Every structure is written in structure tokens, then in C-alpha cells.
Amino acid sequence: WRVPIVHVACWLGPALIVAVMSNQNSLPSDTVFGRWMSQTGWAGSLVVLSFSCSWVLPLLTSLVAGDIFAVEDRTGTWRHLLVAVRSTRRIFAAKALASLTVILLLATGLTASSIVGGLVAVGDRPLVGLEGQLLSPAHASTAVLLAWVSALAPTLAFAAIGLLG
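Per my numbering, the very first residue in the sequence shown carries number -4; after that it's consecutive.
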């Protein structure tokens, strides 16, 4: 029951948070790109990314990757799984692939939701880069997507630790 709730939260939560935060008078100026949330829709996704890298993505990976084997222990189905016709390597590979798929779907939900929320709330305007340069909306979209993709490597590494545990 937890994973479907987390899916809904990942696909709807960031859009609502970005939309609400972008229309407030006091923006999170201590966060990278926080001060630009009312200027461009691309900044909201980067604020969500910075928060997600610290809290959300590790929590999601521990929920999914750590729980994928623990559920067998809780439900008492290990004995059925281990006497199945499949090898233990195949069972581990299937569980790892299922975990990877769920984590990628959750990360995609966070990405899409935060981008759509920002673009709907504020609009597709140029983004001010880290060095003060103005990025066109097309270049900003590429930069935001690449930033989210770069967060996948440490997320999947953390998930691998959870699977091995």
C-alpha cells in the first residue's frame, strides 16, 4: 500500500509545491535557484531537485530497494520462493530489476511533476544560470533535464546498497 501512495505523491506533490512556492512573496533565497522561482518555471524544478537529492531520493530508494526483500520475510513467502523452479540468482535479478523500474518511475514522476508545475505556475521564461548568464528556455530545459539525469547515478548506487543489504 505504500508504493502506490508514494507514486501519487511523486507525480502530484512537486507540481503543487512548486506552484504554491512560486506564487508566494517570500521565496527560498537560501536555496540555489530559489530566488528565481517567481521569474521562470525552470527554477522550481531545480529547487525540487536540490531538496530531493538530500531527502526524497534516499528515502524513496530505501523504501523500494530495502523493502523488496524484507516483504518476503514479513509475509513468510521465502520458503515458497526458494523452492521454486527458478534459481536464486534469477530471483535476485528479477527483484533488482523490479526495484530499478520503480525507482526510475518515481524519479521520472518527480522530474515531470516539478517541471510541469513550474511551467504552469510561472511560465517558460529564460533562466539565470549559476554564473549570471541568461539561458534561453530551450537551453534551460536541457540543463534541467541533465541535472535530473545526473542525480540518477547516486540514487541507483544507494539503491544497490539497499538491495545488497
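C-beta atoms are modelled at their ideal positions from N, C-alpha and C, and glycine is treated no differently. This structure is a prediction, so every number in the text was calculated from the model and none was measured.
Query                                                                                                                                                                      : Result
Helix or strand or just coil, what does DSSP make of residue 123?                                                                                                          : strand
Quick check: residue 146 and residue 48, are their CB atoms within less than 9 angstroms of each other?                                                                    : yes
Grouping DSSP H, G and I as helix and E and B as strand, with all else coil, what is residue 129?                                                                          : strand
Short of 7 angstroms in beta carbon distance, which residues of its chain neighbour residue 142, apart from the five on each side in sequence? Order them along the chain. : 41, 44
Between the C-alpha atoms of residue 149 and residue 26, what's the straight-line distance to the nearest angstrom?                                                        : 21 angstroms
Alpha carbons only, please: which of 152, 151, 121 is nearest the one belonging to residue 137?                                                                            : 121
Please return the same chain residues whose Cβ sits closer than 6 angstroms to the Cβ of residue 23, not counting the five positions on each side in sequence.             : 29
Starting from residue 45 and walking both ways along the alpha helix (DSSP H), at which residues does that stretch end?                                                    : 36 to 46
Could you tell me whether the Cβ atoms of residue -2 and residue 92 are closer together than 9 angstroms?                                                                  : no
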